[in-house]
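When we follow this note's numbering, the leftmost residue of the sequence shown carries the number 11, and every step to the right adds one. Cβ atoms here follow ideal geometry from the backbone N, Cα and C, with glycine treated the same way. See below for the structure under consideration.
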Amino acid sequence: MGVALGRELARWAADRRVHVALLGVGVVLVLGVLLTAEPGKNPLGYANANAALAVQVVALAGLALLAAPRHGRRLLVVALALAALATLLNRSAAGVAVALPVAVTVGLAVWRRPRRRWWVVLLAAATAVAAAVLLLRAAASPVLPGWADRIFDSVRQQLWHDAVALWRTRPVVGAGVGSFPDATALSVDPDTSTAHSSVLQVGAETGWVGVALFGAVALAGLLWTLRAPAPQAVVAATAWTALLVHSYIDHLLEFAPVVLAAGLVLGWAEASHPSEQLDVPEGQGPVTG
11 MGVALGRELA RWAADRRVHV ALLGVGVVLV LGVLLTAEPG KNPLGYANAN AALAVQVVAL
71 AGLALLAAPR HGRRLLVVAL ALAALATLLN RSAAGVAVAL PVAVTVGLAV WRRPRRRWWV
131 VLLAAATAVA AAVLLLRAAA SPVLPGWADR IFDSVRQQLW HDAVALWRTR PVVGAGVGSF
191 PDATALSVDP DTSTAHSSVL QVGAETGWVG VALFGAVALA GLLWTLRAPA PQAVVAATAW
251 TALLVHSYID HLLEFAPVVL AAGLVLGWAE ASHPSEQLDV PEGQGPVTG
């Protein structure tokens, strides 16, 4: 659904109404934090999910910037800045960590208009796989490595250990969808009734079969970006990877708006017109790599 809507949005990428809508989303994301008391921050009720959504909005604003003429970029720059600010205001360290490469990629794509996309997709795939392997190795250890112990709180570590323990009971097919809450004493609190890790949750409940399917979906998203013109592909691949990596260490994919926004990015990028690659600053040609 998100991909289909994104394809439709791409048709109106240079329309000022789309720019105003993105600005409105940025305002909602910022006000949702400022006007809500702890712990559940609006609009999604979970700060890290808000941050993940904001990262995708940064990418959407970037795609709109790629289609907009120079004189029509002001609203989009403000929308992008508001989305980035929302990530900071939600105090999501992981959100900020993945937002930075997305924002930098948007800036480079708008400024330099890359002509090649394969290298970014390969780098994104390598990053996603490396992050997953790193997490699985850390969570499988009786005690998390020093670097992980310093970064992640004890509750999250316990959830990951419980997920690994459940996964080991039926490694191939998992213990069944929805089985994780019964495998952890922390599920008495709704906020800790999931593993706070997409790959560990999938592994615990559906085993290596589910992890393979999850990986196939992740790969399909990256391959989908190859259908887009190079500047849009670079932005979409970076945003997709940002969500994947962030989801490895938090429960984000349960929030429909986050998944919808990621789909919007993929669809918008794929449906962008190739001629948008020619919108480069005067006297400056596209880079070749």
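Could you tell me which of the options sits nearest to residue i, measuring between CA atoms?
i    : options                : result
S208 : W128, Y258, G105, Y56  : Y258
H148 : G12, W170, L63         : The sequence given here has Ala at residue 148, not His. The option with the nearest alpha carbon to A148 is W170.
A37  : V245, N52, T202, A175  : The sequence shown places Val at residue 37, rather than the Ala named in the question. Checking every option, the nearest Cα to that of V37 belongs to N52.
R122 : V245, H261, V268, V255 : V245
L145 : R101, Q167, V131, V130 : Q167
A185 : G50, S164, V198, L210  : L210
F224 : V255, Y56, L15, T46    : V255
V35  : A247, V68, R160        : V68
P239 : G217, A96, V187, V131  : V131
A96  : R180, W218, L39        : L39
A173 : I161, V153, P155, E215 : E215
P267 : G55, R26, R27, P49     : G55
A175 : V143, I161, H283, P152 : P152
F162 : A150, A103, V143, A193 : A103
A243 : D199, R160, P200, V112 : V112
For residue i, I'd like the list of residues in its chain whose CB is within less than 6 Å of its CB, leaving aside the five on either flank, ordered along the chain.
i    : result
A23  : A74, A77
A271 : L63, Q66
G213 : W177, V221
A135 : L232
D260 : N58, H206
P191 : S197, S203
W278 : G16, L19, A20, L73
A313 : With the chain running from 11 to 299 in the structure shown, residue 313 is simply not present.
V297 : Any reading at V297 is ruled out, since the residue's pLDDT is 48, under 50, leaving its predicted position unreliable.
R101 : none
S189 : E215
A281 : R17, A20
L154 : A148, Q167
A226 : none
F265 : L54, A59
V183 : G217, V219
G299 : With a pLDDT of only 43 at G299, under 50, the local geometry of the prediction cannot be trusted, and the value read off the model is given with reservation. Correct list, in chain order: R126.
A193 : D172, L176
Taking the continuous alpha helix (DSSP H) assigned at residue i, which residues delimit it?
i    : result
S257 : 240 to 258
P152 : From DSSP, P152 is part of no alpha helix (DSSP H); its letter is neither H nor E.
V182 : Careful: V182 lies outside any alpha helix (DSSP H) and carries neither H nor E.
E215 : 208 to 235
L76  : 57 to 77
V116 : 103 to 122
R26  : 26 to 44
P267 : 266 to 281
T202 : No alpha helix (DSSP H) holds T202; DSSP gives it neither H nor E.
L99  : 84 to 99
G12  : 12 to 21
Tell me which residues share the same chain as residue i and place their Cβ nearer than 8 Å to its Cβ, disregarding the 5 neighbours each side in the sequence.
i    : result
V120 : G72, L75, L76, P241
L44  : L99
H29  : A74, A78, G82, L85, L86, A89
A247 : R127, V130, V131, A134, L232, T235
V165 : L196, T202
R26  : G82, L85
T46  : N52
L229 : A135
V187 : E215, T216
D159 : V153, Q167
Since I believe residue j is in contact with residue i (beta carbons under 8 Å), could you give me their beta-carbon distance rounded to a whole number of angstroms?
i    : j    : result
G12  : L274 : 5 Å
L236 : R127 : 6 Å
W218 : P181 : 6 Å
Beta-carbon within less than 7 Å of residue i's beta-carbon, same chain only, minus the 5 sequence neighbours each way: which residues are those?
i   : result
V3  : Residue 3 lies beyond the stretch modelled for the chain, which goes from 11 to 299, so this question has no answer here.
G42 : K51, N52, P53, N60
A14 : G277
Q. Are three or more beta carbon pairs between the segment 106 to 120 and the segment 69 to 83 nearer than 8 Å?
A. With a cut-off of 8 Å, the segment 69 to 83 and the segment 106 to 120 count as touching, because enough Cβ pairs lie within range.
(Q) Is it the case that the segment 87 to 96 contacts the segment 133 to 143, given that we only count it when at least three CB pairs across the two stretches are under 8 Å? (A) Short answer: they don't touch.
Q. Any contact of the segment 239 to 255 with the segment 99 to 112, i.e. 3+ C-beta pairs under 8 Å?
A. Yes, the segment 239 to 255 touches the segment 99 to 112.
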